[in-house]
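Here's the structure we're looking at; comments come further down.
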Amino acid sequence: MAIVTLDNVTYKYPLTDSPALKEISLQVNEGEFVAVIGPNGAGKSTLCYALAGFVPHFFKGELTGTVLVDGKDLLKSTLNEWVLHVGLAFQNPFNQISGAKYTVFEELAFGLENIGIPRDEMISRVETAMKLTGISDLADRSPYSLSGGQQQRVALTSILVMQPKVLVLDEPTSQMDPIGTREVFSVIRTLAEQGMTVILVEHKVEWIAQFADRVIALHDGQILLEGTPSEVLTSDLLQGKGFGISRYTSTAREAKKLGLWKKETLPVTLDEAAEGFS
Amino acid sequence: MHERLSFYTKRDSLLHRLNPLTKLTLVLGLLLIAFVTPWYWTPHVLLLIVIFPLSFIGKVNREFFRAFLRLIIPAATFLFLMQAFFQPIGQQVIFKIWFLDITKESLLFAFRNAMRIIVMVSSFTLFLLTTHPSELMSDLTRRGLPGQFAYVIISTLQIIPQMQAKAQTIISAQRSRGLDTESNFIKRAGSVFPLVGPLVFGSLVEVEERAIAIEARGFTSTHPKTSLRDIPDRNIDRILRWLLIILIIACIALRIWLS
Amino acid sequence: MKIQISDLYFTYPTGVEALRGISFMIESGEQVAIVGQNGAGKTTLVKHFNGLLQPTSGRVLIGDWNTKEHSVAKLARRVGYVFQNPDEQLFSKNVGIEVAFGPKNLGFDSERIQALVKDTLAMTELSDKTEMNPYDLSATWRKMVALASIVAMDTDIVIFDEPTTGQDAVNVTRIANVIRNLREHGKTVITITHDIDFCAENFERVIALSQGKVLLDGKANEVLGQEDLLATTYVDPPQLTRLGKRLGFKETVRNQEEFLNALKM
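Residue numbers (this note's numbering), protein chains in the order written: chain P, 31 to 308; chain W, 11 to 269; chain B, 1072 to 1336.
In structure tokens, the structure reads:
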């Protein structure tokens, strides 16, 4: 059952010449975990903004086509309404700290204060969300005293408490160190397993291959390819267009030419590669 | 690195437990009474029998006197000297320094003004020491202050230490490009833009992202806002505020009646 | 130009002892990657190379210069430092002026500056963006501008602090090309990086730091093969190294070429 539907969406930022999104049509089912890959400039962030309503309501510009989430039409809703359906988190954790609150607990409640949630429910939502994302021990800390990975988990949790139907994550681990990356991926995986609909823009294809249900490859504002992780991440179509593919894939491709890779499909993960080469 | 910029000192005292608006009214009251009441010794008396004892009641006396001696006294002394020397009033010259005539009247005038300033700054200091900015803003918002206003104030307070850290990094980066920050003044004057530029432009980039982040958390929602913290406003608060208002009105009335 | 670190200790004013006895030498023209978890002391160490930090004890020699005796501005002649966040550097009206800033500070004559700027912009694929305002460019290109600004200073030693963080595959390749270019010109390149695959494919020598000390220091193949030790400072081996180990290769491989060669055998 589709919870997100984009139908022929084209969008151009104000004062630009060419559209950032060109006739994008896609569907995401409830509970699905979809990954979006593509080189910089492909329109990944714009797609995230379109899903979260910031395009066109925050950035202005012209959007044609339909964006539906949970049956509601973006062009007929205000941004205020829309943020309750779709949560958005992005690359830089520091810029996602509101600056309005002195402790993590209050930071998490910030969004709920804004939308007028009663105090008791506020507290219960925050406590539940913190347990889910594993940051209960950070409750009394100042958000500014946290590491990058901790801040990013706080950012994710602060969106989670708003109880959106869909979670859109724009490269949440790009600025993390290995530990932070692990922490953030762990949270995302937990949320996906709990049934949250997740749309994740990522470069780290090895992880996507293990946990995503579906991968969409974006190029130059359009959907180039769509399918299972294995189908998309090993596709020859991605060659030479700036997609970052796993070294297992590229090495196996070369090895195949030399007759050293015997299987039909190329590997994306370590396990697949190890299995295929031995 | 400081995590936040505020004077607030956490204690368990009568002052801390007072509602922020009450404390704000107190500050206003002290200010107005000091400036409006015609009796010469008003500010001095207020300082000794109200402000100093309150610092003890608020259990922040150590911090208060540290600020008092380090900041308030030097600033007030400077003001006093400026007024005494450069605003001559009256005729009775007490002594001369070089080409400046110091009159008795201007000394008295300057002294009273300095004391008034001291009362004003001291009462604000006391307020800041015993009131968490978050608490103040929550309370004012509840009473009708626009949420955006409160946000601007608090986020500014928190962002200043972050900005300082950022400025430090920018200085390091530009020094690493050969920018001379150690030699003569003229060279240093020319280095303002490479230091301020990234701070301003870089901040603009961040500001847009932060705007999106808070928008994503309903910041511009027109829903009536609720508050996580419950800031009590007890009967004693209300009584105190009314007493202060009556006192202020009485002083103003006295001033008008006497003139 | 040699870099000589002798018994370097550094404690921050806050009391944190960030470097606890580091010694090594980097020969002229070497390509070195410094890896290790956050807090191990990587940035602290590297800030000693251009004088931003001074040793609490020990000595840092850049060529024949002791960093204690020269200002940061002076050391900038020998050591270029590319900071992680380009927005903490960029301020000029256009890319050309921005890239010329460093060379200008070093007092080069205008002919040399022009030549350096032109060559550097070509190397970083920024030639067609010379007249543009850096802040009108995307984050990807701003990164290249920041890189170009330092490379244009033509220093013997260039330090990159996390150059590939947040970059897509295309830009990582661009950055790798710049590094290879520097290598061909005989420059010493030092990088701090979390991207272990990038490290494996572009650097001959790897120094792993852990808690302010040198954990491992040697040829990339040797260091990157020591999975267990590297794990103590939260460094995962490169993808192909791991695969090689799984397949039971005798030698540690670190890039596609080595892997395929080992496979053939």
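A virtual CB, placed ideally from N, CA and C, is assigned to each residue, including glycine.
Everything numeric in this text was worked out from a predicted model, so none of it was measured.
* Looking at C-alpha atoms only, which residue of P:125, P:299, P:291 is the closest neighbour of residue 241 (chain P)? -> P:299
* To do: Closer than 6 Å by C-beta to residue 244 (chain P): which residues in its own chain qualify, once you throw out the five before and the five after it? Chain order, please.
  => 64
* In DSSP terms, what residue 35 (chain P) is bridged to -> Bridge partners of residue 35 (chain P): P:57, P:98.
* Asked: For the alpha helix (DSSP H) that contains residue 173 (chain W), what are its first and last residues?
  -> 157-185 is the span of the alpha helix (DSSP H), which, as asked, contains residue 173 (chain W).
* To do: Tell whether a beta-carbon distance below 9 Å holds between residue 195 (chain P) and residue 111 (chain P).
  => no
* To do: Could you tell me which uninterrupted beta strand (DSSP E) segments, each at least 3 residues in length, are contained entirely in the stretch 62-141 of chain W, listed from first to last along the chain?
  => 103-107, 110-113
* **Unbroken stretches of the alpha helix (DSSP H), 4 residues or longer, contained in the stretch 1238-1280 of chain B** => Along the stretch 1238-1280 of chain B, the alpha helix (DSSP H) occurs as fully enclosed runs of 4 or more residues at 1240-1255, 1267-1273, listed in sequence order.
* Pair every Cβ in the stretch 1145-1156 of chain B with every Cβ in the stretch 1095-1107 of chain B, then say whether three or more of these pairs are closer than 8 Å. => no
* Asked: Between residue 1221 (chain B) and chain W, is there a C-beta pair that is closer than 9 Å?
  -> yes
* State buried or exposed for residue 45 (chain P), treating a residue as buried only when at least 16 other CB atoms are found within 10 Å of its CB. => Label assigned to residue 45 (chain P): exposed.
* To do: Could you confirm whether any beta carbon from chain P is found closer than 9 Å to the beta carbon of residue 141 (chain W)?
  => Interface flag for residue 141 (chain W) against chain P is unset, since no Cβ pair is found closer than 9 Å.
* Cα separation between residue 133 (chain P) and residue 1224 (chain B)? -> 44 Å
* Would you mind stating whether residue 223 (chain W) and residue 126 (chain P) have Cβ atoms separated by less than 9 Å? => yes
* **Contact with chain W by residue 1118 (chain B), beta-carbon distance below 9 Å** => yes
* Residue-chain proximity (residue 131 (chain P), chain W), Cβ-Cβ < 9 Å -> yes
* Determine contact between the stretch 1298-1310 of chain B and the stretch 207-216 of chain P, defined as no fewer than three beta-carbon pairs at a distance below 8 Å. => Yes, the stretch 1298-1310 of chain B touches the stretch 207-216 of chain P.
* Given a limit of 8 Å on CB to CB distance, which residues of the stretch 144-166 of chain P reach chain W? -> 144, 145, 146, 147, 148, 149, 152, 153
* **residue 180 (chain P) in three-state terms, based on DSSP** => Residue state, collapsed to three classes: helix.
* Asked: In angstroms, rounded to a whole number, what distance separates the CA positions of residue 202 (chain P) and residue 1269 (chain B)?
  -> Computed Cα separation, rounded: 20 Å.
* Round the Cβ separation of residue 1222 (chain B) and residue 1249 (chain B) to the nearest angstrom and send it over; I've been treating them as touching at under 8 Å. => Rounded, the Cβ-Cβ distance is 7 Å, consistent with contact.
* residue 1322 (chain B) (DSSP reduced to helix, strand or coil) -> coil
* Can you name, in chain order, every residue of its own chain whose Cβ lies under 6 Å from the Cβ of residue 121 (chain P), other than the five neighbours on each side? -> The answer, listed in chain order, is 201, 204, 205.
* Asked: Which residues, in chain order, does the stretch 59-77 of chain P contribute to contact with chain W at a C-beta distance below 9 Å?
  -> none
* Cβ pair count under 8 Å reaching 3, the stretch 174-185 of chain P against the stretch 90-102 of chain P -> no
* Asked: Between residue 1288 (chain B) and residue 1277 (chain B), what straight-line distance do the alpha-carbon atoms span, to the nearest angstrom?
  -> 6 Å
* Asked: How would you list, in chain order, the residues of chain W whose beta-carbon sits under 7 Å from the beta-carbon of residue 1173 (chain B)?
  -> Ordered by position in chain W, the residues that pass the 7 Å Cβ test against residue 1173 (chain B) are 187, 188.
* Range of the contiguous beta strand (DSSP E) that encloses residue 256 (chain P) -> 252-257
* To do: Give a yes or no on contact between the stretch 77-88 of chain P and the stretch 271-291 of chain P, applying the rule of three or more CB pairs nearer than 8 Å.
  => no
* Where does residue 232 (chain P) fall in DSSP's three states? -> coil
* **Residue from P:36, P:49, P:48, P:67 with nearest C-alpha to residue 56 (chain P)** => Of the candidates P:36, P:49, P:48, P:67, the one whose C-alpha sits nearest the C-alpha of residue 56 (chain P) is P:36.
* To do: Please list the partners that residue 1159 (chain B) has in chain W, where partner means a Cβ-to-Cβ separation under 8 Å.
  => Neighbourhood of residue 1159 (chain B) in chain W, by CB distance below 8 Å: 176, 179, 180, 183, 208, 212, in chain order.
* Which residues in the same chain have their Cβ closer than 6 Å to the Cβ of residue 1311 (chain B), if we skip the five residues on either side of it in sequence? -> Within the same chain, residue 1311 (chain B) has close Cβ partners 1324, 1330.
* From what residue to what residue does the alpha helix (DSSP H) around residue 141 (chain P) run? -> 134-144
* Asked: Closest by CA to residue 261 (chain P), which one among P:180, P:252, P:192, P:238?
  -> P:238
* **Short CB-CB distance (under 9 Å) between residue 234 (chain W) and chain B** => no
* Distance, residue 1171 (chain B) Cα to residue 1226 (chain B) Cα -> 14 Å
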